[in-house]
Structure formats: C-alpha cells, structure tokens
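Single-structure report; data block below.
Chains as they are written, first to last, in our numbering: chain A, 34 to 151; chain B, 84 to 250; chain C, 5 to 336.
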C-alpha cells in the first residue's frame with residue numbers, strides 16, 4: 034500500500050526542505066539589525082494602541098460550526114457519488130432524505146438570521 | 084521498511100498526543116492535535132483505507148480542528164490558561180484504560196485471531212475501500228446514516244441557539 | 005532492492021522536474037500578472053531588469069533572500085516561523101496528484117505523467133485545500149498584529165465557506181467519471197470536456213476556486229486599503245516570499261484542477277498533450293489576472309451572503325438535480 038504513496042512522502046520531504054532551506058538561507062545571507070521600533074507590530078507608525086489579542090464577533094463561530102455540519106454532509110455525498118449507479122433509485126432516495134433533513138437545518142439557520150452580517 | 088515507518092509514525096503520533104495534553108498554550112495543543120490527525124491518516128492509508136484517511140484530514144483536521152483554532156482565536160486564549168484541580172485525571176485514566184481494553188478486544192477479534200467476517204483485507208484490496216463503505220453505508224447501515232442527518236440537524240440548531248441566545 | 009532504487013529515482017526525477025517547472029512558472033506568473041495588469045491600466049509594468057523585464061523574478065528572489073527576517077515583538081515565535089512553511093508545503097503537496105498527460109513509454113517502461121495517480125485524488129486535493137487554511141490562520145494569529153489577526157479571521161471564514169460549494173461542485177464530476185482518480189476524470193472527457201455538459205457546475209466551481217485563491221474580487225484576507233497587507237503584514241524577507249510563492253503555486257494548482265475537472269485536462273487536437281495542459285492552466289490563470297484587472301472587491305457581508313445564501317444552495321440544488329437526472333438516465 035505504501036508503494037503508491039511513496040512519492041507523496043518524498044514530496045513532503047522535498048517541500049519541507051525547500052521551505053526550511055530558503056528561510057535558513059535568507060537568514061544567513063540577510064542582514065540583522067533589529068531595533069525596538071522595527072520589531073514593534075505595524076500600526077501605521079502610530080504608538081501601539083490596545084492589544085492584538087481581542088475578542089471577536091460570535092458570527093465567525095457560527096460559520097465555523099455550520100461549516101463542520103455541512104462539510105460532513107458533503108463528505109457523505111462522496112461515497113454515494115462513486116457508487117450511485119449500483120445504488121440506483123433507492124440510493125438516490127436515501128441521499129435525498131439526508132439532504133432534505135439537512136436543508137431543513139439550513140432554512141432554520143437562515144430564518145434565525147445566523148447568516149446575516151450587518 | 085513498512086514496519087519501520089509504522090513505528091516511526093506511531094512514535095510521532097504518541098509524542099504529539101502527549102503534547103496535546105501537556106503543552107501550555109492552546110494553539111500549540113491544537114497544532115499537536117493536527118499532527119496526531121495526520122499520523123492517523125497515515126495509519127489509515129497503511130491499512131488500505133484511503134477514503135478514511137481523506138475523511139480524517141477533511142473533517143477532523145480541516146473542519147473540527149479548524150473550529151477549535153477558530154474558537155481559540157476568537158476568545159483569545161493565546162496565553163496559557165491556569166490549570167487547577169486534578170479530579171479529572173482519575174476519570175481520564177479510567178476512560179483511557181477502558182478504551183485501551185476495547186482496543187485490545189477489537190484487535191483480538193480481528194484477522195489476527197483467524198476469525199474473519201464477510202469483509203476481509205483481500206476483499207478491500209480487490210473491490211476498493213470507498214466502494215465497500217458506500218455499499219454498506221447505503222444498504223446495511225441505512226438507518227444509522229439517516230439518523231446521522233438528524234444528529235447533524237440537532238447540531239445546527241444547537242449551534243445557533245448557543246450563539247444567539249437572545250433571539 | 006534495485007527495483008526500489010529505480011522507482012525512487014524515477015520519483016525524484018519526476019518531482020525535481022515538476023518542482024523546477026512549477027516554481028519557474030510561479031515566478032513568471034508574478035511577472036506576467038504585473039505586466040498584464042500594467043497593460044490593462046495603460047502602464048508599462050516592470051521593464052528595467054533585462055529585456056522586457058524578463059529577469060525581474062530573479063531580482064525579486066535576490067531581494068527577498070537578502071532582506072532582514074523580522075519577527076515582531078510579542079509574536080508567537082515558533083508559530084510565526086512555522087506558518088509560511090505550512091502555507092508553501094500544503095500548496096506544493098497538491099502537485100503530487102496532478103496528471104500532466106497520458107502514460108508514455110520511455111526506454112520500454114510505462115511512465116505515467118503524474119507523480120502518483122491516487123484512487124482518491126479528488127479527496128486528496130480537497131483535504132489539502134482544507135489544510136491550506138492553517139497557513140493563514142496561524143500566520144495571522146502568531147503575528148501579534150491587529151491587521152493580521154483581523155485578516156486571518158476573515159480569511160478563515162471566507163475559505164471555509166467557499167470550500168463547501170467547491171466540494172459540492174465536484175460531486176457531479178465524480179458522478180460522471182465514477183472515480184476519484186484525477187486521471188480517470190480526464191479520461192472521461194476524451195470526447196467532450198465536462199464544461200460543455202455541466203456549464204452551471206463549472207460556474208459554481210470556478211467562483212469557489214476564485215474565492216479559494218484569495219484574489220480580487222475575493223481578496224478580503226489581504227485587502228490593502230483596510231488591512232495593510234492582511235495576514236502577512238508582519239512578514240518580511242523569505243518568509244513573506246514563501247507565502248507569496250505558495251499563493252502563486254496555489255493559483256497554478258487551482259488552474260490545474262479547473263482544467264482537470266472541466267476543461268478536459270490534457271485532451272486537445274494536434275499539439276502534444278502536455279502543451280494543451282499547460283495552455284489550459286495558463287488560460288485559467290490569465291482569467292484570474294483579468295478578473296483582478298477588472299473587478300472591485302466584495303464587501304465582507306456581501307461575500308458571506310453570496311457564499312452561504314446564493315452559492316451553497318445553488319450548488320446543493322445542482323447536485324440533487326444532476327444526480328437525479330444521472331440516476332434516472334442510467335435506469336437506476
């Protein structure tokens with residue numbers, strides 16, 4: 034089994050070597066003159082204001098949560114999509130019920146206004 | 084060769100699993116968890132279950148872990164969270180032992196024991212892993228599959244209610 | 005033992021070639037983009053380094069390599085170092101499953117023009133594109149900069165939203181080819197590319213891909229006039245270079261995937277297959293550049309509305325209708 038995937042392992046190794054190598058090389062070649070001002074996070078040249086570790090809108094959390102749910106739905110679609118011919122009409126009906134139930138959830142989310150950005 | 088790769092991978096998986104529970108910063112925990120997931124995906128590939136490997140990456144590493152990182156970013160749990168209380172350690176140990184026992188029994192009932200079910204390793208190689216999953220999912224496990232959709236529906240409703248309490 | 009060495013050698017040669025070609029392509033895609041954009045805006049674009057600015061990418065590379073590598077105070081150092089690498093590696097890894105042409109014969113050996121033809125190629129690509137999000141997320145978060153954090157949270161939400169429609173738009177293609185293998189998908193389009201059979205699926209896929217590429221009109225994660233440079237505001241030197249290279253490699257990958265799924269892959273008359281493949285990929289890349297030259301940026305609420313309220317339901321409907329039709333027509 035591993036034979037099929039051997040190229041990917043080699044590729045991962047090469048890709049990491051490329052990423053690490055270029056950064057290390059630039060470290061060796063590049064200059065190094067750090068100063069307090071240079072190391073400060075960029076804020077249009079003004080003195081720093083507050084912290085960058087602030088809380089965010091819950092909206093983003095809902096999006097991520099919904100993404101998980103619908104991602105799982107999509108994932109269930111894949112085995113069906115390669116086998117749909119063998120599964121036939123019955124398989125399609127099953128998938129239909131599955132999609133409709135989740136679509137109810139989608140409509141609920143929409144009606145509740147969780148997809149609104151104001 | 085393959086067995087060496089397996090042990091290397093297992094070592095990385097265990098080490099990163101250990102890091103998940105010991106690292107101080109939540110983001111580093113999440114990264115260690117990602118490493119564990121990637122190792123698991125590798126194991127699935129070695130077990131002739133590439134579809135499971137893809138799902139492991141897409142759903143666990145791509146979606147669920149994403150939610151975890153998102154939550155950490157949103158709440159800014161960047162700095163180490165103070166840990167106190169150790170009562171959970173006992174439960175965790177009990178749980179871990181139970182899971183280990185379960186694993187032991189499952190392995191003993193597997194092909195090692197010589198007792199094989201309808202679907203064997205050769206069959207997976209011949210028919211294809213995704214096809215077998217699709218077949219059993221949409222025929223034998225029809226009811227669990229549809230129940231899963233209801234479970235997901237409940238998850239959607241729950242997520243919206245938690246996030247929008249005032250509505 | 006000898007066998008293993010030979011396979012390893014073939015793999016390394018293939019990967020080396022692909023790396024060289026793709027990295028050069030990425031570098032010159034940057035130049036091409038600057039040139040084309042400049043022409044669209046009635047400017048010349050870079051034309052100082054070498055004839056027609058041909059050596060501009062080399063100059064850029066030297067500049068990036070010799071720049072100071074700044075790690076801002078208060079940043080999470082390891083993550084800050086790790087994120088650009090992750091972005092580049094996830095982009096590069098997708099190359100493994102891209103089929104450039106049919107299997108050819110060299111010295112009596114069958115050599116497929118793909119690094120490895122996985123039987124789950126489509127899922128491999130989708131899995132990697134869901135991992136690609138981490139580069140942005142971690143990079144922006146580790147920077148300890150408000151702009152970077154804002155951009156990475158926005159970018160995360162955008163990428164995962166459009167990933168859904170992308171995943172859905174692939175379903176009719178898998179159904180038509182009845183395989184996850186990218187080679188099989190290209191083979192299935194020998195007579196007719198899928199874009200002609202599934203034009204609406206192509207549109208859904210193309211819009212999602214444009215959003216995944218984080219380019220105008222979907223460049224919210226790096227909206228210059230709001231967020232300075234977005235999630236890589238704090239990055240400099242080669243680390244920024246890795247993000248940048250990753251982005252352009254990603255553009256090539258997304259172009260390849262559009263080509264493979266819809267434009268018939270390497271199929272085409274007269275010219276050798278690999279030329280057709282490159283030609284189509286560059287064509288898609290040109291459309292990306294053209295879009296950048298033509299369109300304004302979405303507002304964030306418009307972007308999320310479009311993704312969740314328009315594209316997602318249409319993609320789902322498309323799967324159901326196309327699926328139902330295919331089941332029916334095959335006499336299910």
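Ideal Cβ positions, reconstructed from N, Cα and C, are used throughout, including at glycine.
Everything numeric in this text was worked out from a predicted model, so none of it was measured.
Could you check if residue 43 of chain C is buried or exposed, using at least 16 other CB atoms within 10 Å of its CB as the buried criterion? exposed
Quick one: which chain B residues come within Cβ less than 7 Å of residue 217 of chain C? By Cβ distance, chain B contributes nothing, its closest Cβ being about 18 Å from residue 217 of chain C, past 7 Å.
Under DSSP, the beta strand (DSSP E) around residue 105 of chain C begins and ends at which residues? 105 to 110
Check each residue of the region 219 to 247 of chain B: if its Cβ is closer than 9 Å to any Cβ of chain A, include it; give the result in chain order. 220, 221, 222, 225, 228, 229, 231, 232, 233, 235, 236, 237, 238, 239, 240, 241, 242, 243, 244, 245, 246 and 247
Own chain residues within Cβ distance below 7 Å of residue 189 of chain C, not counting five before or after: 177, 181, 183, 264 and 265
DSSP three-state call for residue 276 of chain C: helix, strand or coil? coil
Is it buried or exposed, residue 232 of chain B, if we count other Cβ atoms within 10 angstroms and call 16 or more buried? buried
Does the contact criterion of 3 or more C-beta pairs under 8 Å hold for the region 250 to 270 of chain C versus the region 283 to 297 of chain C? yes
Could you run through the region 111 to 132 of chain A and flag, in chain order, every residue whose CB is less than 7 Å away from some CB of chain B? 112, 113, 115, 116, 120, 124, 127, 130 and 131
Are the beta-carbon atoms belonging to residue 159 of chain C and residue 87 of chain C less than 8 Å from one another? no
In chain order, which beta strand (DSSP E) runs of at least 3 residues are fully inside the region 77 to 145 of chain C? 105 to 110 and 113 to 117
Flag residue 250 of chain B as yes if its beta-carbon sits less than 8 Å from any beta-carbon of chain C, otherwise no. Its pLDDT being 45, under 50, residue 250 of chain B is placed unreliably by the model, and nothing is read from it.
Between residue 92 of chain C and residue 258 of chain C, how many whole angstroms is the CB-CB distance? I'm expecting something under 8 Å. Their Cβ separation, rounded to whole angstroms, is 15 Å, which puts residue 92 of chain C and residue 258 of chain C out of contact at 8 Å.
I'd like to know if residue 152 of chain B contacts chain C, where contact means its C-beta is closer than 8 Å to some C-beta of that chain. yes
Rounding to the nearest angstrom, what Cα-Cα distance links residue 118 of chain A and residue 49 of chain A in this structure? 41 Å
Measure the alpha-carbon distance for residue 142 of chain A versus residue 129 of chain C and round it to whole angstroms. 29 Å
How many Å lie between residue 300 of chain C and residue 222 of chain C at the Cα? 9 Å
Within 8 Å of any Cβ in chain C, is that where the Cβ of residue 38 of chain A sits? yes
Do you know offhand how far residue 70 of chain C's Cα is from residue 61 of chain A's? 9 Å
Start and end of the alpha helix (DSSP H) containing residue 204 of chain C? 203 to 216
With respect to the alpha helix (DSSP H) encompassing residue 122 of chain B, which residues constitute its N-terminal and C-terminal limits? 109 to 129
Contact defined as beta carbons within less than 8 Å: I believe residue 132 of chain C pairs with residue 94 of chain C. What is the distance between those atoms, to the nearest angstrom? 5 Å
Going by other Cβ atoms of all chains shown within 10 Å of its Cβ, with 16 needed for buried, is residue 20 of chain C buried or exposed? exposed
Whose CA, out of C:201, C:195, C:205 and C:334, lies closest to the CA of residue 272 of chain C? C:195
Count the CB pairs spanning the region 131 to 141 of chain B and the region 91 to 101 of chain A that are closer than 8 Å, and state whether there are at least three. no
Buried versus exposed, by CB contacts within 10 Å (16 or more), residue 123 of chain A: exposed
Can you tell me the Cα-Cα spacing of residue 90 of chain A and residue 140 of chain A, whole angstroms? 22 Å
Within 8 Å, do at least three Cβ pairs link the region 67 to 86 of chain C to the region 232 to 251 of chain C? yes
The alpha helix (DSSP H) enclosing residue 139 of chain B, as first and last residue numbers: It is not in any alpha helix (DSSP H) - residue 139 of chain B carries neither H nor E in the DSSP assignment.
Nearest neighbour of residue 231 of chain C, chosen from C:152, C:308 and C:179 [CA to CA]: C:152
What is the DSSP secondary structure of residue 237 of chain C, reduced to helix, strand or coil? coil
Taking C-beta pairs closer than 7 Å, name the residues in chain A that residue 213 of chain B reaches, listed in chain order. 112 and 115
Comparing alpha-carbon positions, which option in B:206, B:246 and B:220 lies nearest residue 130 of chain B? B:206
First and last residue of the alpha helix (DSSP H) that includes residue 212 of chain B? 212 to 218
Measuring CB atoms only, is the region 107 to 119 of chain C touching the region 195 to 204 of chain C, in the sense that at least three cross pairs come out at less than 8 Å? no
Cross-chain neighbours of residue 94 of chain A in chain B, by beta carbon under 7 Å: 153, 154, 157 and 246
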